[in-house]
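Peer 1: Residues -8 to 256 in the working numbering are what the sequence shown spells out, letter by letter. Glycine included, every Cβ here is placed at the ideal spot set by N, Cα and C. A quick note: this is a predicted structure, and the numbers were derived from the prediction, not measured.
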Amino acid sequence: MFVSIRSCVLAACLLPGLAAAQADDPAIDPEAVRIVREAAEFLSTQDRLAADWYVSWDYVIDGREKITYTRSGYNLLARGEGFYSYTDDGVKRRELFFDGGHFEIYSLDDDAYVSTPLIGTFEDLVDRAQAEYGLALPLWEVFTKYAPGEFLEGIEAAAYLGETRIAGIPAYHLAFAQADYDWQLWIAADPDEPLLLSMVGTDPYTQGWPQYRAYFHNWDFAPVVTEGMFRFVPGEETARMTWPKVEVEPGLLSQIPPGAGGGDE
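What follows is the structure, encoded as structure tokens:
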């Protein structure tokens, strides 16, 4: 799942509004679950979708000092056609290309790339990138067709905290708890386009309670797809590098470990 937390008992203290939840499971507010499911299903059923994103994440040093890192980028997915992503962490810029037959990563600053044959869907790309290369695609959970399950798997508490505004957009504010993480979502209060606007995850087990934050804007469900945009074409001087396989533990937060935050280093 995207983020997780401790237990229903602790979550009930952290998430106001749980008292209004359904009687058979007082920690789960059905309204919060409904809003998230509708938003996730909306995204998962779009044939084409694109968005700009910005993420930040914290590290706590010596149990005291909190250092925040940032990364921004753009994702475009055309189901059955391909995936493109651009990432800038302030030091390195990278592009990811997938056309259903090949997967490539290009470093703009080094003018170097890696490439591997990969036949399948976007979900196949997600699975193989994590399993074989230790790479979590930038914010892949939001774009996968399995989003409804990803966002609701393993929740132990859920609360609807009311309506607010994000950058002037009316939005629902929701809070959730899982086994080891607290998280919040802000979803546009628009029944036709329940867009995911922002999410915040908090690690309650690490001193300083570090957070991971993601913000989405410029959602586009009819992005222009040009011929060849999902396949990288190297220049005459572009170096091709070898991409070693590594052993990794699968999991959503694999995109936030050292040096990460929406993608692999």
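1. Mind the definition here: the segment 196 to 214 touches the segment 32 to 49 only if three or more C-beta pairs lie below 8 Å; say whether that holds.
2. In whole angstroms, give me the CA-to-CA distance for proline 129 and alanine 18.
3. What is the residue span of the beta strand (DSSP E) that valine 191 lies within?
4. What are the start and end residues of each continuous alpha helix (DSSP H) run of 4 or more residues lying completely inside the segment 143 to 168, in chain order?
5. Going by DSSP in three states, tyrosine 97 sits in which element: helix, strand or coil?
6. Leaving out the 5 sequence neighbours to the left and right, which residues in its chain are closer than 8 Å to valine 46 when beta-carbon positions are compared?
7. With distances taken from CA atoms, which of Gly91, Asp100 and Ser98 is nearest glutamate 114?
8. Which residues in the same chain have their Cβ closer than 8 Å to the Cβ of tyrosine 104, if we skip the five residues on either side of it in sequence?
9. Nearest by alpha-carbon distance to alanine 138: which of Asp20, Pro21, Arg25 and Phe33 is it?
10. From the DSSP output, in three-state form, read off glutamine 202 for me.
11. With proline 21 as the anchor, note down where its alpha helix (DSSP H) starts and where it stops.
12. Check each candidate in Asp20, Glu22, Val27 and Ala23 and name the one with the smallest Cα separation from proline 185.
13. Judging by CA-CA distance, which residue of Glu147, Tyr65, Leu152 and Ser106 is the nearest neighbour of aspartate 80?
14. Per DSSP, what are the beta-bridge partners of isoleucine 110 in this structure?
Peer 2: Well, looking at it:
1. yes
2. 31 Å
3. 187 to 193
4. Segments of the alpha helix (DSSP H) lying fully in the segment 143 to 168: there are none.
5. strand
6. Thr61, Arg62, Ser63, Leu130, Tyr203, Arg204, Ala205, Tyr206, Gly252 and Gly253
7. The shortest Cα separation from glutamate 114 among Gly91, Asp100 and Ser98 belongs to Gly91.
8. Here the set comprises Glu95, Ile96, Tyr97, Ser98, Phe223, Pro225, Thr229, Ala230, Arg231 and Met232.
9. Nearest C-alpha to alanine 138: Phe33.
10. Here glutamine 202 sits in strand by DSSP.
11. 21 to 35
12. Answer by Cα proximity: Val27.
13. Tyr65
14. Isoleucine 110 pairs with nothing; no bridge assigned.
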